[in-house]
Structure formats: structure tokens, C-alpha cells
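Asks:
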Amino acid sequence: MSHLAVALLGAAAAAVVTWYVNRRPSGVTSGVAPAAGADPDPGLVPPERTAWNEVVDRLELGVVVAAPDGEITYRNRSATALDGTHIGLLVDDALERLLARSLSGEECRESLELYGPPRVAVVITAQPLRGGGSVATIEDVSERRRVDAVRTDFVVNISHELKTPVGALAVLAETLVEMSPDDVDMEVVRRVADRILGEAHRVGRTIDDLFELSRIELGEQPARDVVDVLDVVAGAIDRARSIAEMREIEIVTLDVPSDVRVRGDIRQLVSALGNLVENAVKYSEPGGSVQLRVRAGSEWIELMVADQGIGIPAADHGRIFERFYRVDKARSRDTGGTGLGLSIVRHVATNHGGEVLVSSQEGEGSTFVLRLPAVREAAERDGGIPTRTEQRR
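Just so we're aligned: 59 in my numbering is position 35 of the sequence shown, and the numbers increase by one with no gaps anywhere.
As C-alpha cells, then:
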């Protein structure tokens, strides 16, 4: 929701509440309105006021009204829902300050942030009412802040991931152009050409990851093949083998049964598990190891990837599956990558009716679990669908 829309909605809420307060019938004393959902005495409240009460109660904005003497006379359902919560205590404290200021004719605003998890952000605005008293609105802007943070991460990270290799390509190309025919050293040319090829592949991987994530997010339906988990594990290890060898990381497979199957798209599944293995390798210390384990149950298959690397701070657990979000930005520059891997994993898991879980402690490593529905043998026999391994035989 845009800031203009929020302002208009707040003004409309204030206008409704002003009308609501000024329409109080004679003989009815002011006081805290009935609890949300309670039926007022129909003999005291006219029908049109009951209707407006329902309108204000349906607003996502919290609405609080104070009489000229500062007494709270009304809270709608959204404001009442905060009662008894930690953020509710902070809101009440801010409301007391802001309503007191607005009773003197001042419009005021305050933002509250609770870092969680989950992270919560609330904006409280108080305005004086023409007929006396004041009204305050309480808006939860947590989702807007989260989207803004994702947008910022996107701009920063994609700019770096594209600008760095493109800049390197320009420098390398200039090196070749500035070579005179008499000074051409074929060994230097070969090294420069290899660097150009590597940087071009880096740009290509970034674009490929963007396309892959876009296809998944746009709802591209995965294939419904019956896939042997051994094929997924082998594909994921192949994908991470080169970076593991470069960093001297051993990928150890434990408890991988030979008869476990899931239903889905093997390309997407290999991409998801491969991203988990690559991340584990990148964030492990050189010479360490990464464990890949499969746990099979009657309903679920769990593919677990564990490392003993730098771990993830608890404050970052809620954001690591966002596009381009990086926990350690400085280290990420050294390890490379687009920052899209875990977002792809999450979307693949969702598209296959599963989920991805993380357990991590800073400095003690991380364990990621890709949890997928198991294929029951009876259902597989009835469907008569061969696995990818059987198709190749």
C-alpha cells in the first residue's frame, strides 16, 4: 500500500470516527466502547451508528479515540487485538504520549520497531478532532518494510553481480586491444582469454539463476515424474564438485537408501539440493567436510545437508530465503554467487508440496533439510510411472 493510500485511509478513518463520536445520542454517556464483537444495547445505539461501528471494526488500521479529558472512549477490533502482547504494551505507551499531544491541537506520528523474530514495525499517528478529543491510528507496516528491504537487497546485489564481471570484461578486452602485433605473447593472450571466458560464465550464471527463479515464481508447474532420490543426490554432488575440489572440501554421503523415490521435476530438485550443497561448501572452512544424508519415512523424505562452517545468526533466520539476501556480505563477495540459491530452494520445495527447514547457530555450522512427500509403493504401481533411473535402462 502506498504512503498516499495510507494517508487517505487514515483521514477517512478519522472522519468516520469524528462522525461516530458527534452522533452520540442524548442520554448516552461516553465511555469505552463495547468489546469488539459484543452487541450494544439496541435501545441506546441508533442503527446507523451500529453500522459505522462495524465499518470501523473491519479496518485493518487500529483506531483509538480519546475524549477531551484524555479518557479512551473507543478502540476498534484491530486495536483491541494488540492487548496483552509485547508490541501492544509499547503501542499503549506511545498512544498515551501521542494522544496527549494531539489533545493540544498537534498532529503527531511515531514509529515503533520490534526486532523479533519476527520483526514487527508499527506506525502510530494521532490527530485532534474538530468536536474535541483526538483519534489515533495504528498501522502495521512490517510487510512494507520487508518488501523495501528485499528491493534494496535486489538493487545492491544484482548491481554488484553484474557490474563486477562486466567491468572485468572491459579491462581484459582493453588489454588485448592495446597489445601491438610485435609484442603479442600467446601465453598472455591465453590467460586473458581464460579470464574473459570465466567472467562471461559468471554473468551467464547470474542471468540463468534469475530466469530459473522467475519461472518457478510465475507458477511453472514441475514435472510429475517419479524420481529416484539417488539421482537427485548424484546430480547435486556433480553440481558442487568443482567448487568443493577448489576449496578442498569433502562431500560425504551418509544413509542414502537405494529405493527411495519422490514425485516431481528432477531438474528443479537437483537445482534445489545442489544449491544447498554449494552453499554448505562455500561457507565451510577449506579442508572441511559437508555431510549429505537422506532420511526416509512413510510420508516424508528428508534430504539433509550439514556443514561445520560459520553458521547463521538467529536474527537472520527469517530472511535467508529472500532473494539476494546475504548474511555476511563481505564473505559473500569472496565466495561469489547470486544470492538467489536459497530463494530457489524455498520455491522448489513449495512447488513440490514440501518445505525447507534450517537449524543453525553462529560459529557452529548449519543444517538445511529439504522435506518432500514420499511416493508410496502402491500409488507408484497403480500409476505405472517408471523412475528416471529405470527410463535410462
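Cβ atoms here follow ideal geometry from the backbone N, Cα and C, with glycine treated the same way.
1. Whole angstroms is fine: what's the gap from Leu254's alpha carbon to Ala296's?
2. Rounded to a whole number of angstroms, what is the C-alpha to C-alpha distance between Gly108 and Val174?
3. Mind checking which residues open and close the beta strand (DSSP E) that includes Gly389?
4. Excluding five sequence neighbours on each side, which residues of the same chain lie with their C-beta closer than 8 Å to the C-beta of Arg82?
5. Just to confirm before moving on: does the CB-CB distance between Val329 and Phe392 stay below 8 Å?
6. Check Gln385 in the structure and name its three-state DSSP category.
7. By alpha-carbon positions, which one of Ala145, Leu153, Asp279 ends up nearest to Arg168?
8. Rounded C-beta distance between Ser367 and Glu346? I'm assuming under 8 Å.
9. DSSP three-state label for Asp65, please.
10. From this set, Glu131, Glu388, Arg343, Val380, which residue's C-alpha is nearest Gly312's C-alpha?
11. Reducing DSSP to helix, strand and coil, say where Met203 ends up.
12. Which residue's Cα is closest to the Cα of Val301: Gln292, Gly288, Leu316?
13. Could you please give me the residues that DSSP links to Glu137 through a beta bridge?
14. Taking buried to mean at least 16 other C-beta atoms within 10 Å of its own C-beta, is Ser11 buried or exposed?
15. What is the DSSP secondary structure of Asp262, counted as helix, strand or coil?
16. For Pro152, which three-state DSSP category applies?
17. Along the chain, where does the alpha helix (DSSP H) containing Gly365 start, and where does it finish?
18. Rounding to the nearest angstrom, what Cα-Cα distance links Arg229 and Leu119 in this structure?
19. Give the C-beta separation of Ser166 and Arg133 to the nearest angstrom, bearing in mind that I take them to be a contact with Cβ-Cβ under 8 Å.
20. Would you kindly work out how many angstroms separate the C-alpha atoms of Ser128 and Val179, rounded to a whole number?
21. Pull the bridge partners of Ser126 from the DSSP assignment, please.
22. State the start and end residues of the unbroken alpha helix (DSSP H) segment that holds Ser308.
23. How many angstroms separate the CA atom of Ala260 from the CA atom of Asn299?
24. Just to check my reading of the structure: Ala398 and Val286 have Cβ atoms closer than 8 Å, yes? What is that Cβ distance to the nearest angstrom?
25. Anyone know if the C-beta pair for Ile148 and Ala103 falls short of 8 Å?
26. For Ala373, is the beta carbon positioned less than 7 Å from some heavy atom of the ligand COA?
27. By alpha-carbon positions, which one of Asp249, Pro189, Glu198 ends up nearest to His225?
28. Pop quiz: Arg214 and Leu196 are said to be a contact at Cβ under 8 Å. What is the actual Cβ separation, rounded to whole angstroms?
29. Apart from the five residues just before and just after Asp279, which ones in its own chain have a Cβ nearer than 8 Å to its Cβ?
30. Kindly indicate which residue of Leu396, Gly365, Pro310 has the alpha-carbon position closest to the one of Trp324.
31. Less than 6 Å between C-beta atoms, sequence neighbours within five positions excluded: which residues of the same chain meet that for Leu106?
32. Out of Leu122, Ala160, Ser126, point me to the one whose CA is closest to Gly80's CA.
33. Using the Cβ count rule (16 or more neighbours within 10 Å means buried), how would you classify Pro418?
34. Can you tell me whether His376 is buried or exposed? The criterion is at least 16 other CB atoms within 10 Å of its CB, across all chains shown.
35. What residues in its chain sit with their C-beta under 8 Å from that of His110, if we drop five residues either side in the sequence?
Replies: According to the structure shown:
1. Taking the first residue of the sequence shown as 1, we reach residue 254 at position 230. Taking the first residue of the sequence shown as 1, we reach residue 296 at position 272. Straight-line Cα distance between these residues: approximately 14 Å.
2. The residue labelled residue 108 in the question sits at position 84 within the sequence shown. The residue labelled residue 174 in the question sits at position 150 within the sequence shown. If I take the Cα positions, the gap works out to 31 Å.
3. As a position in the sequence shown, residue 389 is number 365, starting the count at 1. Counting along the chain, Gly389 falls outside any beta strand (DSSP E), and DSSP gives it neither H nor E.
4. The residue you call residue 82 lines up with position 58 of the sequence shown. Closer than 8 Å at the Cβ level, and outside the excluded window around Arg82, lie Arg101.
5. As a first step, residue 329 is located in the sequence shown; it is residue number 305 there, counting from the start. As a first step, residue 392 is located in the sequence shown; it is residue number 368 there, counting from the start. Yes, these two residues count as a Cβ contact at 8 Å.
6. Locating residue 385 in the sequence shown gives position 361, counting from the first residue. Note: Gln385 maps to coil in three-state DSSP.
7. Sequence index remark: in the sequence shown, residue 168 carries index 144 (1-based). Selected option, being the one with the closest Cα: Ala145.
8. What you label residue 367 is simply residue 343 of the sequence shown in a count that begins at 1. What you label residue 346 is simply residue 322 of the sequence shown in a count that begins at 1. Contact holds; Cβ gap of about 6 Å.
9. The sequence position of residue 65 within the sequence shown is 41, counting from 1. Reliability of the predicted coordinates at Asp65 is poor, the pLDDT of 47 falling under 50, and no value is obtained from them.
10. As a working mapping, residue 312 is identified with position 288 in the sequence shown. For Gly312, the nearest C-alpha among the options comes from Glu388.
11. In the sequence shown, residue 203 corresponds to position 179, counting from 1. Here Met203 sits in coil by DSSP.
12. In the sequence shown, the residue the question calls residue 301 occupies position 277. For Val301, the nearest C-alpha among the options comes from Leu316.
13. In the sequence shown, residue 137 corresponds to position 113, counting from 1. Partner(s): Ala145.
14. Residue 11 falls outside the range modelled here, since the chain spans only 25 to 417, and no answer is possible.
15. As a position in the sequence shown, residue 262 is number 238, starting the count at 1. In the structure shown, Asp262 sits in a helix (DSSP, three-state: H, G or I).
16. Mapped onto the sequence shown, residue 152 falls at position 128. In this structure, Pro152 counts as strand in the three-state DSSP scheme.
17. Here residue 365 refers to the residue found at position 341 of the sequence shown. It spans 365 to 375 - the alpha helix (DSSP H) in which Gly365 sits, taken as one unbroken run.
18. One-based indexing of the sequence shown puts residue 229 at position 205. One-based indexing of the sequence shown puts residue 119 at position 95. Spanning the two alpha carbons is a distance of roughly 51 Å.
19. Counting from 1 along the sequence shown, the entry for residue 166 is found at position 142. Counting from 1 along the sequence shown, the entry for residue 133 is found at position 109. Not quite, the Cβ-Cβ distance comes to about 17 Å (not below 8 Å), so this is no contact.
20. In the sequence shown, counting from the first residue as 1, residue 128 sits at position 104. In the sequence shown, counting from the first residue as 1, residue 179 sits at position 155. Distance between the alpha carbons of Ser128 and Val179 is about 44 Å.
21. One-based indexing of the sequence shown puts residue 126 at position 102. DSSP, once it has assigned bridges, lists no residue as partnering Ser126.
22. Taking the sequence shown and counting its residues from 1, the one referred to as residue 308 is at position 284. Where Ser308 is concerned, there is no enclosing alpha helix (DSSP H), given that its DSSP letter is neither H nor E.
23. Locating residue 260 in the sequence shown gives position 236, where the first residue counts as 1. Locating residue 299 in the sequence shown gives position 275, where the first residue counts as 1. Whole-angstrom Cα-Cα distance: 8 Å.
24. Within the sequence shown, residue 398 is the residue found at index 374, counting from 1. Within the sequence shown, residue 286 is the residue found at index 262, counting from 1. 7 Å between Cβ atoms; contact.
25. Looking up residue 148 in the sequence shown gives position 124. Looking up residue 103 in the sequence shown gives position 79. For Ile148 and Ala103, no; Cβs fall outside 8 Å.
26. Among the ligands in the structure shown, none appear at all, so the ligand COA cannot be discussed.
27. Within the sequence shown, residue 225 is the residue found at index 201, counting from 1. Taking only the C-alpha atoms, the option nearest His225 is Pro189.
28. Walking along the sequence shown from the start, residue 214 turns up at place 190. Walking along the sequence shown from the start, residue 196 turns up at place 172. Arg214 to Leu196, Cβ: 12 Å. No contact.
29. In the sequence shown, the residue the question calls residue 279 occupies position 255. Answer for Asp279: Arg317, Val318, Arg319, listed in chain order.
30. Counting from 1 along the sequence shown, the entry for residue 324 is found at position 300. Selected option, being the one with the closest Cα: Leu396.
31. By 1-based counting over the sequence shown, the position of residue 106 is 82. Counting only Cβ-Cβ distances below 6 Å, and skipping sequence neighbours, we find Gly112, Val115.
32. Start at 1 with the first residue of the sequence shown, and residue 80 comes out as number 56. At residue 80 the sequence reads Val, which differs from the Gly that was named. The residue with the shortest Cα to Cα distance from Val80 is Ala160.
33. Any property of residue 418 remains undetermined from this structure, which presents the chain solely from 25 to 417.
34. The count along the sequence shown starts at 1 and reaches residue 376 at position 352. When all chains shown are included, His376 counts as buried.
35. For this step, residue 110 is matched to residue 86 along the sequence shown. Once the five neighbours on either side are set aside, the close Cβ partners of His110 are Leu138.
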